[in-house]
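**Student:**
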Amino acid sequence: MTARGRKRFGFHLREALTSVAFCGPAVVLFAGLVILPACLGFVYGLTDWSGWSGGGRVGDLTDAAGQMARLDPNAARASMEKFLGANFIGLDNFRELASDPTFCDTESFAAFSRSAVGFTLFETVLIVLTFTFASMVLAVLLDRIRRLKGLIRGLFFYPYVLSLLVSSLLFIYMANFREGAVNKILDALGLAWLQQDWMMDPALAPWFIFALVAWSGLGFFTTLYLANLQTIPTELYEAAAIDGAGSAAVFRRIQWPMLMPTVLTNSVLALITGINLFPQVVVTTQGGPGTQTFTIGYYIYHLGRLTNRQGYSSAVSFVAFAALLLIAVVHVSVLRRRQVSL
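Going by my numbering, the residue at position 173 of the sequence shown is 726; the numbering climbs one at a time, nothing skipped.
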């Protein structure tokens, strides 16, 4: 190798080592916090683990690997069962999941909407539309305010600062049938006939959960759009004013194309928020009335902690993880194509 070749090789090697130094910790964290739990979820999904039986030693796992290398599957299975503290049952959990009406009931649209998948999709669609488009409209309107701008923006962002527990307890207080603020206000206004059990009525409970999520998160997504709006060059607005462009034309020709990167970010974050909907349900409705507000996350919790079916719960969580990953990849791909076309 010539001196020039060695110099070029050394340069590329330093570049590669620098990349590893910067990306390595993030990759390790992602593998440890996402990939490894997903793999373990799949493995436990093949067992009847109750969550109470303890696992074995690490030596049992190495024994299983050695026995597989010696083509002794029965001994390897016994060592793995000892390590996991559970019996392998194959794909039985996944077969049960395919016909589980609580998880996904395809008998009718009404039955589907009451299942965990149906309710999660319903909430996710509302959340994505609200956090992607309603927050954009709100940001554009707030950007035009000239007086008390900081105060008004702070009021919109304040609910996001509160913890989900505090926000949920606040909504419980407001929606309580007997002592709730909403029903008391209606009674004081002579509208007692409009009083409802906002949290436990089967028709209203999904909207109650959505209202809670929207109130607590709208300010954050609006702030992301506001930050993006501040990066738009003022020269574009001045040129539009000279051309006599109205507010609608400014939004369509200037703001909308410039906001597309934030649209992509907000839509993905909103998608994850909707599919991972869990703490609000645990604190408020606890899946009720009946299973009306069972989300996928709450159903996994219900199976694992309340019925001690950790093996089946792991199967559900693995399927949910794979579905979320697929939906996110498709969603990002479609929006990126749309962004390029603009």
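Positions of the beta carbon are idealized from the N, C-alpha and C atoms, including for glycine.
Note that this is a predicted model, so its numbers are computed, not measured.
1) Let me know if proline 786 comes out buried or exposed under the rule of 16 or more other beta-carbons within 10 Å of its beta-carbon.
2) Evaluate tryptophan 746 with the Cβ neighbour count: other Cβ atoms within 10 Å of its Cβ, from every protein chain shown; 16 or more gives buried, anything less gives exposed.
3) Secondary structure at threonine 815, three-state DSSP: helix, strand or coil?
4) What residue range is occupied by the uninterrupted alpha helix (DSSP H) comprising alanine 745?
5) Which residue's Cα is closest to the Cα of aspartate 750: Gly743, Pro759, Ala728?
6) Which one or two residues does DSSP pair with phenylalanine 641 in a beta bridge?
7) Given a cut-off of 8 Å, decide if alanine 669 and isoleucine 849 are closer than it, judged by their beta-carbon atoms.
8) I believe glycine 906 touches alanine 793 by the beta-carbon criterion, under 8 Å. Please report the beta-carbon distance rounded to the nearest angstrom.
9) At least one CB of chain B closer than 8 Å to the CB of threonine 787: is that the case?
10) Pick out whichever of Leu644, Thr784, Thr775 has its Cα sitting closest to the Cα of threonine 600.
11) Measure the beta-carbon distance from serine 716 to leucine 765 and round it to whole angstroms, keeping in mind my assumption that it falls under 8 Å.
12) Hey, quick one: how far does the alpha helix (DSSP H) through valine 681 stretch, first residue to last?
13) May I ask which residues mark the beginning and end of the alpha helix (DSSP H) holding arginine 706?
14) In chain order, what residues of the same chain lie with their CB nearer than 6 Å to the CB of threonine 677, ignoring the 5 residues before and after it?
15) When the Cα of phenylalanine 672 is compared with those of Thr844, Asn861, Phe595, which residue comes out closest?
16) Rounded to whole angstroms, what is the Cα-Cα separation between methionine 689 and arginine 706?
17) Pull up the distance between the alpha-carbon of serine 652 and that of leucine 757, whole angstroms please.
18) Expressed to the nearest angstrom, what Euclidean distance is found between the alpha-carbon atoms of alanine 873 and tyrosine 852?
19) Are the beta-carbon atoms of alanine 767 and threonine 683 separated by less than 8 Å?
20) Going straight from the alpha carbon of phenylalanine 804 to that of leucine 679, what length do you get?
21) Report all residues from its chain with a CB closer than 6 Å to the CB of cysteine 657; omit the five preceding and five following residues, and keep chain order.
22) Is leucine 614 helix, strand or coil when you go by DSSP?
23) Using a 10 Å radius around the Cβ and a threshold of 16 neighbouring Cβ atoms, would you call serine 870 buried or exposed?
24) Report the rounded CA-to-CA distance for proline 712 versus glutamine 833, giving the unit in angstroms.
25) Can you grab the Cα-Cα spacing for the pair leucine 739 / serine 820, in whole Å?
26) May I have the straight-line CA-CA distance separating arginine 890 from alanine 875, to the nearest angstrom?
27) Using DSSP with H/G/I as helix, E/B as strand and the rest coil, what is methionine 727?
28) When burial is assigned at 16 or more other CB atoms within 10 Å of the CB, is valine 887 buried or exposed?
29) Assuming the contact rule is C-beta atoms closer than 8 Å, methionine 753 and glycine 841 should be a hit. Round their C-beta distance to whole Å, please.
30) Starting from phenylalanine 660 and walking both ways along the alpha helix (DSSP H), at which residues does that stretch end?
31) Taking the alpha-carbon positions, what's the glycine 799 to threonine 784 distance?
**Tutor:** Quick look at the numbers:
1) exposed
2) exposed
3) helix
4) Element bounds for alanine 745: n/a, residue is neither H nor E.
5) Ala728
6) Thr600
7) yes
8) Outside the modelled stretch of the chain, which goes from 554 to 895, sits residue 906, for which no answer is possible.
9) Although the question refers to chain B, the structure presented lacks it and comprises just one protein chain.
10) Leu644
11) That pair is no contact at about 13 Å.
12) 669 to 682
13) 702 to 714
14) Gly827, Ile828
15) Thr844
16) 14 Å
17) 28 Å
18) 11 Å
19) yes
20) 23 Å
21) Ser668, Val670
22) Confidence in leucine 614 is poor, its pLDDT being 49 and thus under 50, which makes the residue's placement too unreliable to answer from.
23) buried
24) 14 Å
25) 36 Å
26) 23 Å
27) helix
28) exposed
29) 6 Å
30) The question names phenylalanine, but residue 660 is glutamate in the sequence shown. Segment: none, glutamate 660 is in no alpha helix (DSSP H) and carries neither H nor E.
31) 20 Å
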